[in-house]
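First up is the structure itself, then whatever we jot down about it.
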Amino acid sequence: MGKTARAIFLLAFVLAIAAAAGAEALHTIRRKLHVTWSSLLVVAALVILIRTPAWVATMPANRRPNAIQSLATASGGALMIVALSWAGVRRSPFARTGLLLLLAGELILSGTWVELEPTGENPTQPVIDYLSADTNWYRVDVDSKARGLLSPPVLIANGFEVPQGSGNPMELFSYSQFYWAVPYKGAPVYQLLGSKYIIVPKDALPGGEGIWPVFTESPLVDVHLNTNALPRVWLIYDTLPVSTIEEANAVIFAADFSPTLVATVENGPNLNGSGNGTLEVLAYGANRAEILVRTSEEALLVLSDILYPGWTATVDGQATDLLKTDGIFRGVVVPPGEHRVAMKYAPASMRLGLGLAGMAILILGYAVWQHRVR
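Heads up: the sequence shown is residues 169 to 542, going by the numbering used here.
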């Protein structure tokens, strides 16, 4: 689901809270105001019923049955609320229960009617099957012109990682700015994203040198292989210290940038080595990563995940600095030899939130206990 759908559900949730508050107010509202309010609601229900044919006529034919059903439900629900509110005024024992069931039913049913993805045969399923056959560690990018055909959230739902995130409203600005600043898929800076495959519209041309079609059996999209993509984690022996992200961008977005040979480090060390090494990913998740590093010289371990406040790093259990590498990514300096590098996300705000939640639970428990004692 995109940002718009989440905004709609958030609005629906807020309206549900307002409806519950309104239902409660119905039992204390003054009679004259209650009559006015009920009359307006009845008029609104009648207007909906009368205007339904004209409103539905402007819609596509395949959408009309759902529209008629929704408008009829809205009209009927309004009339039921009026009836239940008057029952509440008369102190009927069923009024509160009826309003609660009506509101809960509306919220549940409106949620179950939402169609997140088209039903029936999925024309992009062959693409999912093709990508699933590659069990290596990589990302799948979706060209901007193909997002309406196979969206990043669909790929995420099928277990793939994408460079754009999921369209989440919490998507980090610095990462979005970086992603959309990449001039074209064949640019050297694009290699940093680790996108081995690129989803493009049907018969689209490759995005640059080293990119070519490898799967074209879907009627909607093609899959291009990006042979330039870096692995998700790699070693660098030549670093360029910078002070700001603007200085880093001037280097990494240059046409002659070599991401496999050099990396920018914000307020980091100046390495001038030419060693070699191997990497073994021991664990990886949303909140942690653990990598076994074997290197002949001091090196910078680069992970193509964004560096965000709250991430910490250790080398063989000893705390070390996490460096902002190549503009937005994570880097850790590793000495020669074999070492275990761990990265963990545990921000102070989360610990504070858990502490406050624990205190709230204790206070609530104490209040309940005091109430029972009385």
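From the three backbone atoms N, C-alpha and C, an ideal C-beta is built for every residue, glycine too.
- In this structure, E466 lies away from P409, with their beta-carbon atoms at least 8 Å apart.
- Around the beta carbon of E385, fewer than 16 other beta carbons lie within 10 angstroms, which makes this residue exposed.
- Close CB contacts of L239 within its chain, under the 6 Å cut and outside five residues either way in sequence, are with I216, T220 (chain order).
- Taking all protein chains shown into account, D309 has 16 or more neighbouring C-beta atoms within 10 Å of its C-beta and is therefore buried.
- Residue ranges of uninterrupted alpha helix (DSSP H) with 4 or more members, entirely inside the stretch 411-456 and ordered along the chain, are 413-420.
- G375 counts as buried, since at least 16 other C-beta atoms from the protein chains shown sit within 10 angstroms of its C-beta.
- Fully enclosed beta strand (DSSP E) runs of no fewer than 3 residues occupy 307-310, 363-369, 379-383 of the stretch 302-386, in order along the chain.
- Here DSSP, grouped into helix, strand and coil, assigns A510 to strand.
- Between the alpha carbons of F328 and A189 lies a gap of roughly 42 Å.
- Per DSSP, T482 lies in no alpha helix (DSSP H) segment; the continuous beta strand (DSSP E) that holds it begins and ends at 479-483.
- Inter-residue distance for Y452 and A180 is about 36 Å (C-alpha atoms, whole angstroms).
- Taking W402 as reference, the option from V501, I531, M527, L275 with the minimal CA-CA separation is V501.
- Closest by C-alpha distance to Q486, out of M511, G478, L475, is M511.
- Excluding residues up to 5 positions away in sequence, A235 lie with their Cβ nearer than 6 Å to the Cβ of M227 in the same chain.
- Your pair Y352 and Q332 does not check out as a contact, with CB atoms roughly 16 Å apart and the cut at 8 Å.
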